[in-house]
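Accompanying notes for the structure given below.
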Amino acid sequence: MAGKGRSSLKEVIPLNMAVGTMAFCMVAVLSAYLLVARGFSTLERTDMEGRIAQFGVLLRRERESLGGFVMSYAEWGDSYDYLATRDPSYIEDNYPASWMRAQKIDAVLIVADDGEILWSSVAVPRADASSGVPRLRYRSPALFHEAYGVEPSRAVYGFSVFDGVPAMYVSWPVTDDLATLPPRGVLVFVRMLDDEVLRSYAPGDDFNVSWLPASETEKKPVPGIHPVKVDGRDELEAWDPVADADGTVIGYLGYHKDRSWLAALRVMLLQFFVIGAAAGLCAYLASYFFVKRQLVDPILVIRDYLGSFSSALEAGAALGTDRRDELGELSAHVNSLVDRVRVQARELDRLALTDGLTGLPNRRSLDKTLSLLRLRSLSGYPVLDSRSSDERGSVACGMIDVDFFKNYNDLYGHAGGDAALRSIGLVIRECVMRPDDLPSRYGGEEFAVLLPDTDEAGAFTVLERVRRAVGALELPHAGSAVSVAVTVSCGVAAVRPGDAGADMDALMAMADKALYAAKAAGRNRVTAYSSLAADAR
80 MAGKGRSSLK EVIPLNMAVG TMAFCMVAVL SAYLLVARGF STLERTDMEG RIAQFGVLLR
140 RERESLGGFV MSYAEWGDSY DYLATRDPSY IEDNYPASWM RAQKIDAVLI VADDGEILWS
200 SVAVPRADAS SGVPRLRYRS PALFHEAYGV EPSRAVYGFS VFDGVPAMYV SWPVTDDLAT
260 LPPRGVLVFV RMLDDEVLRS YAPGDDFNVS WLPASETEKK PVPGIHPVKV DGRDELEAWD
320 PVADADGTVI GYLGYHKDRS WLAALRVMLL QFFVIGAAAG LCAYLASYFF VKRQLVDPIL
380 VIRDYLGSFS SALEAGAALG TDRRDELGEL SAHVNSLVDR VRVQARELDR LALTDGLTGL
440 PNRRSLDKTL SLLRLRSLSG YPVLDSRSSD ERGSVACGMI DVDFFKNYND LYGHAGGDAA
500 LRSIGLVIRE CVMRPDDLPS RYGGEEFAVL LPDTDEAGAF TVLERVRRAV GALELPHAGS
560 AVSVAVTVSC GVAAVRPGDA GADMDALMAM ADKALYAAKA AGRNRVTAYS SLAADAR
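Take the sequence shown: its position 390, counting from 1, is numbered 469 in this note's numbering, and each next residue is one higher.
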């Protein structure tokens with residue numbers, strides 16, 4: 080049945096299959112993406128940690144190399160003599176600008192053991208304000224280790240900032256060639272860690288190291304490895320604090336690793352989503368035609384068959400059962416169900432039109448027959464040629480009432496009354512024998528007989544036969560005022576279609592009036608309606 084909001088299986092099933100296919104593809108792709116991204120992220124973090132460690136190793140090696148280089152100059156007699164004589168030729172011969180560029184030394188400092196800077200290739204920001212002599216804090220831990228002059232010579236390694244650029248330096252006590260004399264000061268070599276140098280230490284082209292001065296950060300960078308976006312690119316980022324000899328953080332080394340694979344993975348994810356959508360569309364089209372042919376069309380046949388049957392209990396030819404699948408089984412079950420419903424419907428119709436006690440047609444059957452006769456009266460009666468001209472087209476009705484039946488029930492009980500009614504009903508059926516005649520139980524102890532193509536005289540004969548047959552039963556009735564046995568009173572009437580006021584309702588009223596006249600006249604008799612009219616004249 081069509082209705083508002085109705086949907087069709089041939090659209091719903093393919094659509095659901097398409098949505099399911101697309102959802103499955105997308106969930107599978109998204110799950111794969113998440114698994115791959117998670118796996119790659121774990122590998123990336125491990126690789127990032129390894130790169131950071133590798134950078135630290137390279138930086139330490141560079142620092143140790145610088146330490147070995149400065150030691151070769153500090154444990155040298157010329158350097159030791161310079162601290163005593165301060166001969167400028169030592170500086171000119173050993174630390175020219177060309178040499179510093181070749182050795183990648185960005186600054187050289189010679190500091191006496193009292194902190195005075197004897198010579199520096201760069202300007203030193205710290206100075207004694209009173210004397211104007213460049214001087215570091217005495218025995219500064221940035222240059223002098225705590226066992227300076229007591230234990231054998233060893234280096235002091237550190238980091239500092241020059242003009243906003245980080246630098247690493249190595250300080251070595253100055254002594255003789257054999258390191259047997261007490262040191263007179265320290266020799267310091269400085270190497271700047273600018274962007275170019277940091278890139279040279281970075282392991283891999285996709286790994287970069289940057290410097291962030293502490294003065295330029297409002298808050299400390301978050302420790303650990305984190306994914307970030309830099310100019311629209313995905314990167315992994317980590318920061319290590321760098322402190323000077325006093326433990327003060329002077330800046331942060333930032334490690335950055337490119338994650339270009341993530342963008343490629345996103346593109347791949349989008350491609351798979353497109354493939355999933357295309358697969359869903361293909362699934363929709365394929366399932367649409369398949370479902371329509373193999374499922375929906377057979378179901379529509381069953382639907383139309385059941386719809387026709389439900390409206391009129393008539394469905395025409397049975398459904399085909401040649402399919403060897405569930406729909407074939409369903410068709411067979413529907414055929415069986417329809418057959419059973421037909422049988423049960425006929426039985427229900429019979430029961431609905433039959434009195435359960437006497438087996439005669441009931442009041443409903445009588446009303447149905449009266450309706451059919453009413454229609455026939457409008458279109459003309461089909462009559463039998465064997466009937467007399469007076470009988471043709473006439474309809475007679477007889478009303479039968481059991482005399483003093485209430486007294487009978489009071490004396491013999493309802494079971495006895497039911498038995499008497501069954502016997503009377505059987506007698507009426509035997510007396511009203513023509514196929515078109517309708518004997519019926521009208522209600523209670525009343526019966527009615529419809530006699531098509533019968534005039535009043537013929538009906539009187541039939542009802543008189545009924546009255547005598549009931550009397551012949553000789554059913555004892557001690558409560559009757561007219562007989563010792565059960566008797567009946569009858570009224571008959573007949574009409575013809577052409578008579579004025581002749582309709583089925585009037586016929587029943589006329590027969591009922593004749594019945595009351597029979598009862599008023601003493602019961603156990605048959606009274607014709609025409610006799611009432613004659614008496615009235």
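Idealized CB from N, CA, C, for every residue including glycine. This one's a predicted model, so the numbers in the text were calculated from it and none came from an experiment.
Three-state secondary structure (DSSP) of residue i
| i | result |
| --- | --- |
| Y227 | coil |
| L554 | coil |
| E297 | coil |
| R312 | strand |
| E171 | helix |
| M271 | strand |
| S568 | strand |
| F148 | helix |
| T100 | helix |
| P377 | helix |
| S559 | coil |
| A600 | coil |
| R659 | Outside the shown range of the chain, which is 80 to 616, sits residue 659, and nothing can be said about it. |
| L517 | strand |
| V462 | Note that V462 has pLDDT 45, beneath the 50 cutoff, so the model's placement of it is unreliable and no number is given. |
| A397 | coil |
| T606 | strand |
| T540 | helix |
| P220 | coil |
| V617 | Absent from the model: residue 617. The displayed extent of the chain is 80 to 616, so no value can be given. |
For residue i: DSSP bridge partner residues
| i | result |
| --- | --- |
| L266 | I189, W251 |
| Y236 | V249 |
| Y331 | L291, P320 |
| W198 | I189 |
| D337 | E314 |
| R479 | Residue 479 is actually Ile in this sequence, not Arg. DSSP lists F526, C569 as partners of I479. |
| H305 | E316 |
| P531 | V474 |
| T433 | P440 |
| V549 | For V549, which the question treats as bridged, DSSP gives no partner whatsoever. |
Beta-carbon proximity list for residue i, same chain, < 6 Å, skipping 5 on both sides
| i | result |
| --- | --- |
| G504 | T437, L439 |
| Y236 | R142, V249 |
| H335 | N287, E314, E316 |
| E525 | D480 |
| A397 | N414 |
| A322 | V328 |
Inter-residue spacing [alpha-carbon to alpha-carbon] between residue i and residue j
| i | j | result |
| --- | --- | --- |
| L490 | G472 | 45 Å |
| L222 | E275 | 26 Å |
| A455 | D516 | At residue 455 the sequence reads Arg, which differs from the Ala that was named. Looking at the two C-alpha atoms, the distance is approximately 15 Å. |
| T547 | V563 | Going by the sequence as given, residue 547 is Arg instead of Thr. Going by the C-alpha atoms only, they are around 14 Å apart. |
| Q423 | P514 | 25 Å |
| D532 | D401 | 52 Å |
| A607 | L430 | 33 Å |
| L344 | R312 | 13 Å |
| A111 | V98 | 19 Å |
| V370 | I92 | 8 Å |
| A234 | M150 | 8 Å |
| G496 | C510 | 21 Å |
| Y367 | S339 | 42 Å |
| A293 | G326 | 13 Å |
| A498 | R403 | 57 Å |
| A411 | S387 | 17 Å |
| V571 | N488 | 26 Å |
| D591 | A599 | 12 Å |
| Q133 | D126 | 10 Å |
| F539 | G399 | 57 Å |
| L611 | R425 | 43 Å |
Own chain residues within Cβ distance below 7 Å of residue i, not counting five before or after
| i | result |
| --- | --- |
| E549 | The amino acid at residue 549 is misidentified as Glu; the sequence shows Val. Same-chain partners within the cutoff: I503, V506, V565, T566, V567. |
| R165 | L197 |
| M587 | C476 |
| R602 | D482, V561, T566, S568 |
| L406 | P377 |
| V115 | L344 |
Integer Cβ distance of residue i from residue j, believed to fall under 8 Å
| i | j | result |
| --- | --- | --- |
| I48 | S239 | Nothing in the structure corresponds to residue 48, since the chain is present only between 80 and 616. |
| L432 | N441 | 6 Å |
| A269 | A324 | It should be noted that the sequence gives Val, not Ala, for residue 269. Between A324 and V269 the Cβ distance is about 14 Å, and since that is not below 8 Å, they are no contact. |
| R453 | D582 | 7 Å |
| M247 | L272 | 6 Å |
| L360 | G333 | Actually they do not touch by this definition, with Cβ atoms about 48 Å apart. |
Beta-carbon proximity list for residue i, same chain, < 8 Å, skipping 5 on both sides
| i | result |
| --- | --- |
| V301 | W318 |
| R263 | Y159, L162, A163, A191, D192, V253, T254 |
| Y280 | F134, L137, L138, E141, V288 |
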